[in-house]
Structures are given as C-alpha cells and as structure tokens.
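Contents: one structure, followed by commentary.
Residue numbers (the numbering used here): 79 to 224.
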C-alpha cells in the first residue's frame, strides 16, 4: 500500500475492537432474551403438561430461533458496521470472530439460569443491553473518525 506524501494511514483498530465487543454483547443479549422468553412460555404451560419436551411447542421454537439469531445476527451486524475497512476478508474474519464469541458467551446464560433463575437472567440481560448501548456510541464515534 503506497502512502501519499503527508497522508496518514487510517487506524481501524478502535473501530474493530468496539464493533466486535458491541456485537458480542448484542448476541448475548439476544440469547438471554430468548431464554427469558422461553422461561415465560414454559411457565404458561398447562398443569397437566408432561416433563418430556415437545419440539412443536412455542418454547422449543423460541430456543431454536434464538440460538440461530445469536449465531448469525452478530456476524451480519459486524460485517455491516466494519464497512469502513475496505478489505472484505478482514471484515468477514472479524465478523465471524464476533459471532462465535457471542455464541460462546451466551452459553453462560444456561448455568446462570440454573443457579439464579429468572432474576439472574434478567440481570444478565440488562447488563449486556446496557453494555451494548454504551459500546454502540463508541462504534459510531469510531466510524465517524475512520
């Protein structure tokens, strides 16, 4: 890459770090919300429901769709937000990292659900939502600079 006289190369590291962090927290928020919705749907089952899970129930559909959205939404979102980076290979690589990291971090909500129940999930949901909103401001600032 040839640098013109007096031109300063752009620094995309702040954009990449803030975008990947934002997408990880966004994916975790989505999965925690899906688990909270699942808990609400399971609670609303009739008293004569069996302990055997039924894949045709809305609760199972919410978990399946929530898991897929948690995996793919951060990837698409990161790829879009990293648009100032001109190289598609780098954008896609960072987007895949954010998608898999969001999915791995969202798996923490399962033991949290077992240990603390709905209040723990609600706390995680609010914490990740607040963190994602704060990081989105950082992403917007980094996109404006870069």
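The beta carbon of each residue, even a glycine, is placed where N, CA and C say it ideally should be.
Nearest to residue i (by Cα), restricted to the options the options
i	options	result
residue 157	115, 142, 176	176
residue 92	204, 194, 184, 160	160
residue 39	108, 88, 89	Beyond the ends of the chain as shown, which are 79 and 224, falls residue 39; an answer cannot be given.
residue 202	146, 114, 139, 222	114
residue 149	117, 198, 185, 189	185
residue 180	168, 140, 152	152
residue 94	119, 118, 136, 165	165
residue 173	88, 146, 101	101
Simplified DSSP state of residue i, which is helix, strand or coil
i	result
residue 186	coil
residue 133	coil
residue 164	coil
residue 90	coil
Length of the line joining the Cα atoms of residue i and residue j
i	j	result
residue 154	residue 206	19 Å
residue 163	residue 144	29 Å
residue 211	residue 134	35 Å
residue 196	residue 217	31 Å
residue 140	residue 191	16 Å
residue 116	residue 169	33 Å
residue 167	residue 223	22 Å
residue 111	residue 88	37 Å
residue 187	residue 136	20 Å
Short CB-CB distance (under 7 Å) between residue i and chain B
i	result
residue 172	The structure shown contains no chain B; it is built from a single protein chain.
Supposed close pair residue i, residue j - CB separation, criterion 8 Å
i	j	result
residue 96	residue 182	With a Cβ gap of about 19 Å, residue 96 and residue 182 do not count as contacting.
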